[in-house]
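Student:
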Amino acid sequence: MRVTIGQINTTNGDYEGNVESILRVIERAKRDRAELVVLPEVAIQGYMSLDWFLDRDVVSTATAPLERIIEATDGLTAIVGTVRPTEPPSSRRLFNSAAVISNRKLLGFADKTLLPEYDVFDDPRYFEPAHGQRLFDVRNKRLGIGVCEDFWNDKTFWRERLYAHDPADELIKMGAGVLIAINASPFNKGKIRQRCRMVSHRARA
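Using our numbering, you'd call the opening residue of the sequence shown number 7 and step up by one each time.
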């Protein structure tokens, strides 16, 4: 499977500008004859939008920009980070999700399960954890999709874990043949090397 990685800079709250950046990546993926394009966590709204995520208007219109992206996906599959309202509405009125879109059709959402609450992160303030895991059948592959923290809790990698369960392990047991993680993590020294070690360790396990 030929994959385009859409590593873009997002602006918090600039839905239109962020969507334009996403659409440019999708067009580049088509020129490169990619079958799959992967965009960051909360690429549409901007991950660090903080208390904007508590605004009713933000909640009610959160998924509206997806329509333009869906229309642009003829001939390929896109995984795009977005927030979306919980169903039914809860006190935390949003999921932090990966929208899975293929050939102008929204296949569904993979919602973030593990919500970090340390350093600059305050996910439980804004988001509801996923109510379950699911796989997506795309181009004869079974995709297991996680959002950031979901794939960083490998019990065989860490001496001490922050969470009791491991969504990535659950997806593998469900039959995932390919794991994809979308992220919007702040940079710090050594993070890329650490992430590569974690992913390589899980792939060998």
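We treat Cβ as the ideally placed atom computed from N, Cα and C, and that holds for glycine.
(1) Pull the bridge partners of S103 from the DSSP assignment, please.
(2) Does DSSP put L185 in a helix, a strand or coil?
(3) Run the CB neighbour count on D66, radius 10 Å, all protein chains shown included, and call it buried at 16 or more, exposed below.
(4) Thinking C-alpha only, which one of P135, Q13, G23, E47 is nearest V31?
(5) Excluding the 5 residues preceding and the 5 following E41 in the sequence, name in chain order all residues of the same chain whose CB lies nearer than 8 Å to its CB.
(6) What are the residues that DSSP puts in a beta bridge with S108?
(7) Can you tell me where the beta strand (DSSP E) with I151 in it begins and where it stops?
(8) I'd like the list of long-range same chain contacts for R34, defined as Cβ closer than 7 Å, with 5 residues on each side in sequence excluded.
(9) Can you give me the Cβ contacts of E173 inside the same chain, cut-off strictly under 8 Å, excluding the 5 residues immediately before and after it?
(10) Given that a residue counts as buried once 16 or more other Cβ atoms are within 10 Å of its Cβ, and exposed if not, what is R99?
Tutor: This is what the structure gives:
(1) Assignment of beta-bridge partners to S103 by DSSP yields T88, D117.
(2) In the three-state reduction of the DSSP assignment, L185 falls in the strand class.
(3) Residue identity differs from the one stated: residue 66 is Ser in this sequence, not Asp. Result: exposed.
(4) Q13
(5) M7, R8, V9, L82, T83, R145
(6) T83, K111
(7) Residue range 147-153 is occupied by the beta strand (DSSP E) that includes I151.
(8) T10
(9) Looking at the sequence shown, residue 173 is not Glu but Pro. Excluding residues within five positions, the ones whose Cβ falls inside 8 Å are T119, L120, A136, Q139, G152, D156, F157, N159.
(10) R99 is classed as buried because its beta carbon has at least 16 other beta carbons within 10 Å across all chains shown.
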